[in-house]
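In what follows, a structure is listed as structure tokens, so that the remarks can point back to it.
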Amino acid sequence: MSFQARVDVDVVFHESSGSTFAVGSVDDHQFVEPAGCETLTGSVGTAATSLVSSVPTLSTLAIKNTGTGVLRVAGAIDVTAGRVAVLPVTSAVTVEAPSGSGQYAAIWVG
94 MSFQARVDVD
104 VVFHESSGST
114 FAVGSVDDHQ
124 FVEPAGCETL
134 TGSVGTAATS
144 LVSSVPTLST
154 LAIKNTGTGV
164 LRVAGAIDVT
174 AGRVAVLPVT
184 SAVTVEAPSG
194 SGQYAAIWVG
């Protein structure tokens, strides 16, 4: 199985010296994953909803906020509208919308 995704994200590179920051943009990135992947989309409210993968070997979750409000992922990470969070996770992750409603699109790869 192969998978292709296109996501626009901002990238900050931190030099090892700790004195320089460089800001760039990733416009197009392709990733082929033969081991497996799963896509998840949905809507959430104020109650935390678990994102669960049916494939047990997946290890990285990229979740994009496709709504207009803030999404809270894993109870602590706020993702603003149009932004993406990438988490190294192998088990269920919660997502909620503190403002009352939100939408997401996620890619979980192994």
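If you number the sequence shown the way the numbering used here does, the last residue is 203 and the count never jumps.
Using N, Cα and C, we set each Cβ at its ideal position, and we do this for glycine too.
- Run of the beta strand (DSSP E) containing residue 155, from where it starts to where it stops: Your numbering for residue 155 matches position 62 in the sequence shown. Looking at the DSSP string, the run of the beta strand (DSSP E) that includes residue 155 is 153 to 158.
- Query: With 16 as the cutoff for other CB atoms within 10 Å, does residue 202 come out buried or exposed?
  - Reply: Here residue 202 refers to the residue found at position 109 when the sequence shown is read from its first residue. It counts as buried.
- Roughly how many whole angstroms lie between the Cα atoms of residue 195 and residue 160? Residue 195 sits at position 102 when you count from the first residue of the sequence shown. Residue 160 sits at position 67 when you count from the first residue of the sequence shown. Cα to Cα, residue 195 sits roughly 5 angstroms from residue 160.
- Query: Helix, strand or coil: how does DSSP classify residue 187 here?
  - Reply: Numbered from its first residue, the sequence shown carries residue 187 at position 94. Three-state DSSP puts residue 187 in a strand.
- Task: Compare the C-alpha of residue 172 against each of 155, 132, 151 and name the closest.
- Result: By 1-based counting over the sequence shown, the position of residue 172 is 79. Selected option, being the one with the closest Cα: 155.
- Task: Identify whether residue 162 lies in helix, strand or coil by the three-state DSSP scheme.
- Result: Position 69 of the sequence shown, counted from the first residue, corresponds to residue 162. Reduced to three states, the DSSP call for residue 162 is coil.
- Simplified DSSP assignment, three categories, for residue 140: Taking the sequence shown and counting its residues from 1, the one referred to as residue 140 is at position 47. Three-state DSSP puts residue 140 in coil, outside helix and strand.
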